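Asks:
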Amino acid sequence: MTAAASASRPAAGGSREVILRRIRAATGRGPGPVAGPADSAVDAEYAAIPRDYLRAHHDPADHDVIALFAERAADYRAVVQRVPADGLPGAIARALSSGMYVVPDGLPPEWLGRVAADCPGVVLAGDDPPLPARALDAVAGAITGCTVAIAETGTIVLDHGPGQGRRALTLVPDFHLVIVRHDQIAADLADGMSRLDPARPHTLISGPSATSDIELVRVEGVHGPRTLHILIAGPPS
Amino acid sequence: MSMPTYLGLPAFPEAAATALGNAQLRRNLAHATTTIRVKRAAAVAELADWQQLRAAGKAIKDHTLAHLDTYLARLEERVTDAGGHVHWARDAAEANGIVAALVHAAGADSVVKVKSMTTQETGLNEALAAEHITALETDLAELIVQLGHDQPSHILVPAIHRNRTEIRDIFLAEMADVPSGLTDAPAELAAAARTHLRRAFLSAKVGVSGANFAIADTGTLVVVESEGNGRMCLTLPETLISVVGIEKVLPSWRDLEVFLALLPRSSTAERMNPYTSTWTGVRPGDGPRDFHLVLLDNGRTDALADTIGRQALRCIRCSACLNVCPVYERVGGHAYGSPYPGPIGAIITPQLRGVTSPLDASLPYASTLCGACYEVCPVAINIPEALVHLRAEVVDAQRSSPHAERIVMGLAAWVLRSGRRLGLVQRAASASRVLLGRSGRIRRLPPPLNAWTKTRDAPAPPPESFRAWWARTHGGAQ
Amino acid sequence: MRIALFITCLTDTLFPDTGKAITSLLERLGHEVAFPAGQACCGQMHFNSGYRRETVPMVRGFARAFGGFDAIVTPSASCAAMVREYHPAVAAQAGDAGLAREVGEIAPRVHEVSGLLVNVLGVVDVGAYFPYRVAYHPSCHSLRMLRVGDAPLRLLRAVRGLDLVDLPGAEECCGFGGTFAIKNAGTSAAMCADKVAAVRGSGAQVLCSCDNSCLMHIGGTLTRQRADVTVRHLAEILASAS
Chain A
1 MTAAASASRP AAGGSREVIL RRIRAATGRG PGPVAGPADS AVDAEYAAIP RDYLRAHHDP
61 ADHDVIALFA ERAADYRAVV QRVPADGLPG AIARALSSGM YVVPDGLPPE WLGRVAADCP
121 GVVLAGDDPP LPARALDAVA GAITGCTVAI AETGTIVLDH GPGQGRRALT LVPDFHLVIV
181 RHDQIAADLA DGMSRLDPAR PHTLISGPSA TSDIELVRVE GVHGPRTLHI LIAGPPS
Chain B
238 MSMPTYLGLP AFPEAAATAL GNAQLRRNLA HATTTIRVKR AAAVAELADW QQLRAAGKAI
298 KDHTLAHLDT YLARLEERVT DAGGHVHWAR DAAEANGIVA ALVHAAGADS VVKVKSMTTQ
358 ETGLNEALAA EHITALETDL AELIVQLGHD QPSHILVPAI HRNRTEIRDI FLAEMADVPS
418 GLTDAPAELA AAARTHLRRA FLSAKVGVSG ANFAIADTGT LVVVESEGNG RMCLTLPETL
478 ISVVGIEKVL PSWRDLEVFL ALLPRSSTAE RMNPYTSTWT GVRPGDGPRD FHLVLLDNGR
538 TDALADTIGR QALRCIRCSA CLNVCPVYER VGGHAYGSPY PGPIGAIITP QLRGVTSPLD
598 ASLPYASTLC GACYEVCPVA INIPEALVHL RAEVVDAQRS SPHAERIVMG LAAWVLRSGR
658 RLGLVQRAAS ASRVLLGRSG RIRRLPPPLN AWTKTRDAPA PPPESFRAWW ARTHGGAQ
Chain C
716 MRIALFITCL TDTLFPDTGK AITSLLERLG HEVAFPAGQA CCGQMHFNSG YRRETVPMVR
776 GFARAFGGFD AIVTPSASCA AMVREYHPAV AAQAGDAGLA REVGEIAPRV HEVSGLLVNV
836 LGVVDVGAYF PYRVAYHPSC HSLRMLRVGD APLRLLRAVR GLDLVDLPGA EECCGFGGTF
896 AIKNAGTSAA MCADKVAAVR GSGAQVLCSC DNSCLMHIGG TLTRQRADVT VRHLAEILAS
956 AS
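Chains as they are written, first to last, in the numbering used here: chain A, 1 to 237; chain B, 238 to 715; chain C, 716 to 957.
(1) Below 8 Å, can you find three or more Cβ-Cβ pairs linking the segment 705–714 of chain B to the segment 744–753 of chain C?
(2) Closest to V849 of chain C by CA distance: which of C:A896, C:A755 and C:V921 is it?
(3) Pull up the distance between the alpha-carbon of A668 of chain B and that of G758 of chain C, whole angstroms please.
(4) Starting from S390 of chain B and walking both ways along the alpha helix (DSSP H), at which residues does that stretch end?
(5) Flag this pair as touching only if the segment 827–847 of chain C and the segment 777–791 of chain C have three or more C-beta atom pairs under 8 Å; answer yes or no.
(6) Could you check which residue in B:T515, B:S638 and B:L500 has the C-alpha nearest to that of V460 of chain B?
(7) Can you pull the chain C residues whose beta carbon is under 8 Å from the beta carbon of S231 of chain B, in chain order?
(8) Under 9 Å Cβ-Cβ, which residues of chain A neighbour S514 of chain B?
(9) Consider the Cβ of Q663 of chain B: report whether some Cβ of chain C lies at a distance smaller than 8 Å.
(10) Chain B partners of M931 of chain C, CB-CB under 7 Å?
(11) When you compare each of C:A812, C:G810, C:D811 and C:V771 to M797 of chain C by their alpha carbons, which one comes out closest?
(12) Is the CB of A913 of chain C under 8 Å away from at least one CB in chain B?
(13) Counting only Cβ pairs nearer than 7 Å, list the residues of chain A close to Q289 of chain B.
(14) Which bits of chain C does K187 of chain B rub up against, with CB to CB less than 8 Å?
(15) Would you report the Cα separation of N466 of chain B and V351 of chain B, rounded to the nearest angstrom?
(16) Run through DSSP, which three-state label would Y76 of chain A get?
(17) Does the distance from the C-beta atom of C929 of chain C to that of I952 of chain C stay below 8 Å?
(18) Does the Cβ of Y801 of chain C have 16 or more other Cβ atoms within 10 Å, making it buried, or fewer, making it exposed?
(19) Please decide whether A296 of chain B counts as near chain A, where near means a Cβ-Cβ distance under 8 Å.
(20) If we count the other Cβ atoms within 10 Å of its Cβ and call it buried at 16 or more, is V805 of chain C buried or exposed?
(21) With which residues is L532 of chain B paired in a DSSP beta bridge?
(22) Relative to the C-alpha of Q588 of chain B, which residue among B:D543, B:L439, B:Y565 and B:G579 is closest?
(23) By how many angstroms is the C-alpha of L596 of chain B removed from the C-alpha of P247 of chain B?
(24) Count the other CB atoms within 10 Å of the CB of L648 of chain B; is the residue buried (16 or more) or exposed (fewer)?
(25) Report buried or exposed for D191 of chain A, applying the criterion of at least 16 other Cβ atoms within 10 angstroms of its Cβ.
(26) What is the DSSP secondary structure of P696 of chain B, reduced to helix, strand or coil?
(27) Using beta carbons (cut-off 8 Å, strictly below), is I232 of chain A in contact with chain B?
(28) In its own chain, which residues sit with a C-beta less than 6 Å from the C-beta of A12 of chain A, not counting the 5 before and 5 after it?
(29) Using a threshold of 8 Å, state whether the C-beta atoms of A32 of chain A and R24 of chain A are closer than that.
(30) Taking 8 Å as the CB-CB limit, is T147 of chain A close to chain B?
(31) Taking all protein chains shown into account, decide if D64 of chain A is buried (16 or more other Cβ within 10 angstroms of its Cβ) or exposed.
(32) Just list the alpha helix (DSSP H) runs in the segment 577–649 of chain B, keeping only unbroken ones of 4 residues or longer that don't cross its boundaries, in chain order.
(33) Is the beta carbon of G536 of chain B less than 8 Å from the beta carbon of H626 of chain B?
(34) Does the beta-carbon distance from R680 of chain B to T690 of chain B come in below 8 Å?
(35) Using a Cβ-Cβ distance under 8 Å, would M100 of chain A count as near chain B?
(36) For a cutoff of 8 Å on Cβ pairs, would you count V123 of chain A as touching chain B?
Quick look at the structure:
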């Protein structure tokens, strides 16, 4: 057992039991066994909670969802471009200035097909074995895909699966180029969230980093990539 | 139950008087809160189903609180299954002790912190310092507060009481590697913070955070932020410790479709905040190797036991109530003597700390009950109702001791429950007009009513009360 | 219609002209006004200050005085809100089921003046004449608890000769808040100072509201500043005729 794990050994009848009993008493139930994780009565009550909100605010039949996503993402001062699917490799090459860019395993290699020819000053590096933090800090940027985008809020979601890289990859470098396929765009928040697997880690990105801490005035560029460049690929032209 | 760094602070009226005299503070607050108020209204107006989302948020939270023990047990099981460790802390001291032990066990003498009001509540930084562990705040506002040897004054923007010039001066005086020609342009101030903190992020061994939500079904934690320091602290260090109030639990992942709609629009008035991170346990090759969740009570079960007061536990820390409160706008957060200021603070703090100290007894009265807070609360906490309820708790707690106010109120109640007695008092008041002059205005009243006449005239009693007039002109009542 | 007048302890004692105005207005509109002499106070001050126990006899007294009436009008939005929103809760919490039932029946029949005129009597033009520039301050209780909406403004717009001017920040609290005005006098005064500045900047000659407590607070500051603005309860403006 690691030192950290031994520090976490729960004490029987300790704080855990005290807190769970306090909750039981506070919520008007008489003495009884301390609650366990499973309770079908609780689950039934949860399922019966009325949800009168709209699951969708934008019907794809009435809205150009791709255009909505582009507009909402641009609102946050991300750089947003729509390109036809066959124009993607060229657009990626044009988005890069000279320097080293990290590319995660699983990014479709054909997307990078024009880099060698069009970008003589660009070096592409993988992340296997993982680059140490200081090395990540020195690269020019990261190029990734994503798992879902949400038009309503202009949000990109990474679940750090293939083609997206571990979380540090899109955090430490100052530039993040993310490719969104048109069929990855969900119209609204509820739809987008329902496509995600909670067991995976997620980073929801809505624009470059910002702060409102100074006089409640929004200022871009604190930690995290100060430039977020989004390429929306397709449908085919 | 305890907030060690807030002991001995003055009661609200006294603290407010100090704040009211600070013209710079009042200008900062008025400017900031007016701006965000307008933006929030626009962000909310965009959603046609805002009231339905609000109702769902309230219902989900109320259900969760009613079965909090089941959901906490479930959360613990899922976090543990995913390779995390769960600890339970009855109070601030226990939470601080757990964190310190974990930091020692990780072989570290410093931690990087994401903004966490829960750790402000427990006084974690001070407790760690006593254990020779340095806690570096990485949230820009918390950094400003830390460098300025100050206290946070707002839930969302803890340095709202500072304007840009004051922030520049703090950085110039206290930040080790600050550029000498630093101006007060917010972009430059943010850049200075970025450089200053980057080194710490890239070398930190232990990160300490809170969490906005903890999903019971999946063991997932959620941190909602803007700057990216959260992502830094959550993913770069080898060890992550998250201190989370037990009321932060949500039943399932699906509930995020409600709360991620309610929170950003209510807090920073955006459709979505820049970064939201979710994680479950540990993940080999990506992020911390060790994850510890510290569940904190510290008086929350006391609040839960109060059937009217417990609605305060729905709070998702958006701060919309602070930004519309006319009292907060004029006195700022420090006057509330708590990490939780403003309207929500006035109902949460006395429930967590009790109503016996003069400060805590004064907090439920720090309001005109105007209701602006209730209108904007995304989880429909009826703050005025809770305030009045807590005022009754304060009065009831004082019933066993002599109290001048209670005697006066008792006398007033005796008069005011009888039309006949009220009529008698009115006749006496009308007769006393002769002594007060006929201008219809009283310029000076005896204490404690002199507080009124300091800035306002008081009306003189008329020659005849309404009921006396009616009796005279309608030949007796009814 | 026979309408009982709940005058409220404050208006009864310090602002009888408001009560006279309601009486003459409703009589002018062809209704009969009754004044149950047993009435006293709705208990708002005690309830809001935390004196729950002391409020119960006042709730009982209100029910006794007004139990027999189909419509009850009051010049105070805050007192109307107290009766409608909190009398049932006070009775229930006191464990008095009979009182809770009584109060539950009476509460929906209590109306603040503008609500009675527009929603119950269905009248917006009451034949008033008031040739002055008027700004309207919506009290927090009328705005957020009773939700009278635009009833007062519709009534004011129908008054002949009246020039209704905009009041910036109208929906912001004036800072009275009952005992708040004494316990937190500094903050109360700061809030009122901003409200008075808005009133004085609006160009209004008269400030109108549905609550004499707000008017007492704002009006007292206006006279202390020797400002050229007077305050009038909505009922007094509506009762004015040429």
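For every residue, glycine included, the Cβ atom is placed at its ideal position computed from N, Cα and C.
All figures in this text were calculated on a predicted structure; none of them were measured in a lab.
Replies: Taking the definition as stated:
(1) Segment contact: the segment 705–714 of chain B against the segment 744–753 of chain C, three or more CB-CB distances shorter than 8 Å; contact assigned.
(2) Along the third sequence, one-based indexing puts residue 849 of chain C at 134. Measuring from the Cα of V849 of chain C, the nearest candidate turns out to be C:V921.
(3) Start at 1 with the first residue of the second sequence, and residue 668 of chain B comes out as number 431. Start at 1 with the first residue of the third sequence, and residue 758 of chain C comes out as number 43. In a straight line, the C-alpha of A668 of chain B is about 26 Å away from that of G758 of chain C.
(4) As a working mapping, residue 390 of chain B is identified with position 153 in the second sequence. Premise fails: S390 of chain B is in no alpha helix (DSSP H) and is neither H nor E.
(5) yes
(6) Here residue 460 of chain B is taken as the residue at index 223 of the second sequence, counted from 1. Measuring from the Cα of V460 of chain B, the nearest candidate turns out to be B:T515.
(7) With chain B covering 238 to 715 only, the question about residue 231 of chain B has no answer from this structure.
(8) Reading the second sequence from its first residue, position 277 is the one you call residue 514 of chain B. Going along chain A in sequence order, the residues near S514 of chain B (Cβ under 9 Å) are R167, P201, H202, T203 and L204.
(9) Along the second sequence, read from residue 1 onward, the residue named residue 663 of chain B stands at position 426. Chain C, which has a Cβ nearer than 8 Å to the Cβ of Q663 of chain B, makes this yes.
(10) One-based indexing of the third sequence puts residue 931 of chain C at position 216. Neighbours of M931 of chain C across chain B, judged by C-beta separation under 7 Å: P696.
(11) Here residue 797 of chain C corresponds to residue number 82 of the third sequence, with the count starting at 1. M797 of chain C has its Cα closest to that of C:V771, out of C:A812, C:G810, C:D811 and C:V771.
(12) By one-based count along the third sequence, residue 913 of chain C stands at place 198. For A913 of chain C, the answer is no, since every Cβ of chain B falls outside 8 Å of its Cβ.
(13) Along the second sequence, one-based indexing puts residue 289 of chain B at 52. Residues of chain A passing the Cβ test: D52 and Y53.
(14) Residue 187 of chain B lies beyond the residue range present for chain B, which begins at 238 and ends at 715; the question has no answer from this structure.
(15) In the second sequence, the residue the question calls residue 466 of chain B occupies position 229. In the second sequence, the residue the question calls residue 351 of chain B occupies position 114. C-alpha separation (whole angstroms): 7 Å.
(16) Along the first sequence, one-based indexing puts residue 76 of chain A at 76. Residue state, collapsed to three classes: coil.
(17) Indexing the third sequence from 1 puts residue 929 of chain C at position 214. Indexing the third sequence from 1 puts residue 952 of chain C at position 237. Their beta carbons are not under 8 Å apart, which means C929 of chain C does not touch I952 of chain C by this criterion.
(18) If you number the third sequence from 1, residue 801 of chain C lands on position 86. With 16 or more other Cβ atoms within 10 Å, it is buried.
(19) Stepping through the second sequence from its first residue, residue 296 of chain B is reached at position 59. It does: the Cβ of A296 of chain B has a partner Cβ on chain A nearer than 8 Å.
(20) Your numbering for residue 805 of chain C matches position 90 in the third sequence. Buried, by the Cβ-count rule.
(21) One-based indexing of the second sequence puts residue 532 of chain B at position 295. L532 of chain B pairs with B:W325 and B:V481.
(22) Here the question's residue 588 of chain B lines up with position 351 in the second sequence. Of the listed residues, the one whose Cα sits closest to Q588 of chain B is B:D543.
(23) Looking up residue 247 of chain B in the second sequence gives position 10. Looking up residue 596 of chain B in the second sequence gives position 359. Cα to Cα, P247 of chain B sits roughly 6 Å from L596 of chain B.
(24) Sequence index remark: in the second sequence, residue 648 of chain B carries index 411 (1-based). Under this definition L648 of chain B is an exposed residue.
(25) In the first sequence, residue 191 of chain A corresponds to position 191, counting from 1. Result: buried.
(26) Position 459 of the second sequence, counted from the first residue, corresponds to residue 696 of chain B. For P696 of chain B, the secondary structure class from DSSP, reduced to helix, strand or coil, is strand.
(27) Position 232 of the first sequence, counting from 1, holds the residue named residue 232 of chain A. By this cut-off, I232 of chain A is not an interface position.
(28) Within the first sequence, residue 12 of chain A is the residue found at index 12, counting from 1. Reliability fails at A12 of chain A, whose pLDDT of 46 lies under 50, so the model's placement of it is uncertain and the value that follows must be treated cautiously. If we look at A12 of chain A and ignore the five residues flanking it on each side, it has no Cβ neighbours.
(29) The residue you call residue 32 of chain A lines up with position 32 of the first sequence. The residue you call residue 24 of chain A lines up with position 24 of the first sequence. The amino acid occupying residue 32 of chain A in the given sequence is Gly; Ala does not appear at that position. Yes, Cβ-Cβ distance for G32 of chain A and R24 of chain A is below 8 Å.
(30) Here residue 147 of chain A refers to the residue found at position 147 of the first sequence. No, T147 of chain A does not count as interfacial toward chain B.
(31) To locate residue 64 of chain A, count along the first sequence from 1; it is residue 64. D64 of chain A should be labelled exposed.
(32) 579–590, 595–599, 609–613 and 620–634
(33) In the second sequence, the residue the question calls residue 536 of chain B occupies position 299. In the second sequence, the residue the question calls residue 626 of chain B occupies position 389. Not in contact: G536 of chain B and H626 of chain B (Cβ atoms no closer than 8 Å).
(34) Mapped onto the second sequence, residue 680 of chain B falls at position 443. Mapped onto the second sequence, residue 690 of chain B falls at position 453. Contact flag set, yes.
(35) Residue numbering aside, residue 100 of chain A sits at position 100 when the first sequence is read from its first letter. Not an interface residue.
(36) Numbered from 1 along the first sequence, position 123 holds the residue referred to as residue 123 of chain A. No - not a single Cβ of chain B is within 8 Å of the one on V123 of chain A.
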